[in-house]
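Under the numbering used here, the first residue of the sequence shown carries the number 5, and numbering increases by one thereafter. Don't be surprised by glycine CBs; every beta carbon is placed ideally from N, CA and C. None of the values given here were measured: they were computed from a predicted structure.
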Amino acid sequence: MSQVDTQAQTAVSLPRIGDDAPQFEVNTTQGPVSLSDYKGKWLLLFSHPADFTPVCTTELIGFQNIYPRLKEKNTELLGLSVDSVQSHIAWVRNIEEKSGVRIEYPIIADSSRQVATQYGMIHPNESQTETNRAVFVIDDQQKIRAIIYYPLTTGRNLDEIERLVTALQTTTNEQVPTPADWTPGDQVVVPPPKTQQEAEERLKDESIDITDWYLSKKNL
Ligand code: BEZ
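See below:
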């Protein structure tokens, strides 16, 4: 298959922000799991390329480190690779033995690649067999709210993933966008005016921080 053919195939199958998250029923290190089990919670569904590999090991530990804070935000973690459940069990046992970190979230054994295919986690021009470093942020209504893809070579930034969840939940709860590098406590963006009259009124609003009619911020 040519590179163009594989590009066309993957383009068709990728879910997008705003879509309903594709449903699945899978086997994990903690038994059978369905996407519908997570209704009412936010979910980070993330893939890694392969068990017993160095970058993936640092990421698994990183996800565990942010897990207690994610749970406080009504957010669960669910890992995935195409390795078997026995391999996952051996790996998480090894991680605990060598690093003292117990992986408390389930990891999907997607040997059939059902979920990897549904979510477009295999990018064949990078690897025909391994899932890349994908993160799907799925909200409590089971809609896809954000998608991150990192290549095999590059470990993800767990602080950024936690920040992304916090920013998305703030946007949902407060109906405001968040600016670059936003963290909790920072000002949020006031949605820009939609009419010329609103733009003129915005410039007179003394309750918010105005840079210009289209860029204003406020405290929450
Ligand atoms: C790693 O996790 O170290 C890794 C996995 C697959 C390809 C490259 C690196």
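{"query": "Neighbouring residues (CB closer than 5 Å to any heavy atom of the ligand BEZ)", "result": "P53, T57, P58, V59, C60 and L156"}
{"query": "Any C-beta of chain D under 7 Å from that of F140", "result": "Of the protein chains in this structure there is only one, and it is not chain D."}
{"query": "Integer Cβ distance of T135 from S51, believed to fall under 8 Å", "result": "4 Å"}
{"query": "When E130, V119, I214 and V96 are compared against E63, the one with the closest alpha-carbon", "result": "V96"}
{"query": "Distance, E205 Cα to D143 Cα", "result": "35 Å"}
{"query": "Segment limits, alpha helix (DSSP H) that includes I70", "result": "P58 to E76"}
{"query": "Residue environment, D9, which counts as buried when at least 16 other CB atoms sit within 10 Å", "result": "Here the model assigns D9 a pLDDT of 49, short of 50, so the residue's position is not dependable, and the following value carries that caveat. Result: exposed."}
{"query": "Every unbroken alpha helix (DSSP H) inside the stretch 87-170 [4 residues or more]", "result": "89-103 and 118-122"}
{"query": "Local Cβ density within 10 Å of F56, reported as buried at 16 or more and exposed below that", "result": "exposed"}
{"query": "Outcome for A12 when other beta-carbon atoms lying within 10 angstroms are tallied against a minimum of 16", "result": "Residue placement at A12 is poorly supported in this model, since its pLDDT is 48, which falls under 50; the coordinates still yield a value, given next. When all chains shown are included, A12 counts as exposed."}
{"query": "Alpha-carbon spacing of A120 relative to Y42, whole angstroms", "result": "18 Å"}
{"query": "Residue span of the beta strand (DSSP E) that contains E202, given as start and end", "result": "Premise fails: E202 lies in the alpha helix (DSSP H), Q200 to R206, not in any beta strand (DSSP E)."}
{"query": "Residue of V30, Y218 and A54 minimising C-alpha distance to T226", "result": "Nothing about residue 226 can be reported from this structure: the residues present for the chain run from 5 to 224 only."}
{"query": "Cross-strand partners of T212 (DSSP beta bridge)", "result": "In the sequence under discussion, the amino acid at residue 212 is Ile, which differs from the Thr named in the question. For I212, which the question treats as bridged, DSSP gives no partner whatsoever."}
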